[in-house]
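S.K.: Provided herewith is a single structure, encoded as structure tokens, for subsequent inquiry.
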């Protein structure tokens, strides 16, 4: 890196850091089962909204500065650093366009069921989501719904999606 002008590297690393922070901060702030404040969520959703544009601009800048740094470098170390920063920024640009929050919560198809007397894994104080339809009743333990948030089921012959 020493063969290139320091200003190029400040720009490259700054833009790469900006792209990384724009994508990483919402992932860190929006976590299931962790305390969250309205201010934290405001920051996360604002960054999530602007991250596709910010990361695209950052990638363009890293590419432009990277070409200049590449041409001014004689060794393989600076060129490898250019490739790494371009790849990292490109990955953040792709990630900014993904809805990774939905990856965390996949519906639970083909859920296993037991009758109430066999449900020894549900304590008396546990919360359940209960549904009654056409003479049939079921209860879904909330602690088991917590990960998936969705259960595809059929009650009384009617397909439902249980969620909370």
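In the numbering used here, the protein residues as written are 5 to 168. Ideal placement from N, C-alpha and C gives every residue a C-beta, glycine not left out. Please read these numbers as outputs of a predicted model, since none were measured by experiment.
When burial is assigned at 16 or more other CB atoms within 10 Å of the CB, is residue 158 buried or exposed?
M.R.: By the neighbour-count rule (16 or more Cβ atoms within 10 Å), residue 158 is not buried but exposed.
S.K.: Just to confirm before moving on: does the CB-CB distance between residue 137 and residue 168 stay below 8 angstroms?
M.R.: Against a cut-off of 8 angstroms, the Cβ pair of residue 168 and residue 137 comes out as no contact.
S.K.: Using DSSP's beta-bridge definition, name the partner residues of residue 99.
M.R.: Looking at the DSSP assignment, residue 99 forms no beta bridge with any residue, so it has no partner.
S.K.: Counting C-beta neighbours from all protein chains within 10 Å, is the total for residue 7 16 or more, i.e. buried, or is it exposed?
M.R.: Its pLDDT being 47, under 50, residue 7 is placed unreliably by the model, and nothing is read from it.
S.K.: According to the neighbour-count rule (16 or more other Cβ atoms, all chains shown, within 10 Å of its Cβ), is residue 41 buried or exposed?
M.R.: Residue 41 is exposed by the Cβ-count criterion.
S.K.: Would you mind giving the Cβ-Cβ distance between residue 12 and residue 72, rounded to the nearest angstrom? I have them listed as a contact below 8 angstroms.
M.R.: That pair is a contact at about 6 angstroms.
S.K.: Measuring only the C-alpha atoms, how far is residue 144 from residue 160?
M.R.: Cα to Cα, residue 144 sits roughly 16 angstroms from residue 160.
S.K.: By how many angstroms is the C-alpha of residue 26 removed from the C-alpha of residue 104?
M.R.: The straight-line gap from Cα to Cα measures roughly 14 angstroms.
S.K.: Smallest Cα separation from residue 69: which of 19, 135, 128?
M.R.: Nearest of 19, 135, 128 to residue 69, Cα basis: 19.
S.K.: Taking Cβ to Cβ, would you say residue 101 is nearer than 8 angstroms to residue 56?
M.R.: Yes, the Cβ-Cβ distance between residue 101 and residue 56 is below 8 angstroms.
S.K.: Can residue 90 and residue 61 be called in contact, C-beta distance under 8 angstroms?
M.R.: Cβ atoms of residue 90 and residue 61: not closer than 8 angstroms.
S.K.: Determine the closest residue to residue 142 out of 128, 127, 120, with distance taken between C-alpha atoms.
M.R.: For residue 142, the nearest C-alpha among the options comes from 120.
S.K.: Ignoring anything shorter than 4 residues, give me the alpha helix (DSSP H) runs that lie fully in the region 121–159, in order along the chain.
M.R.: Listed in chain order, they are 146–152.
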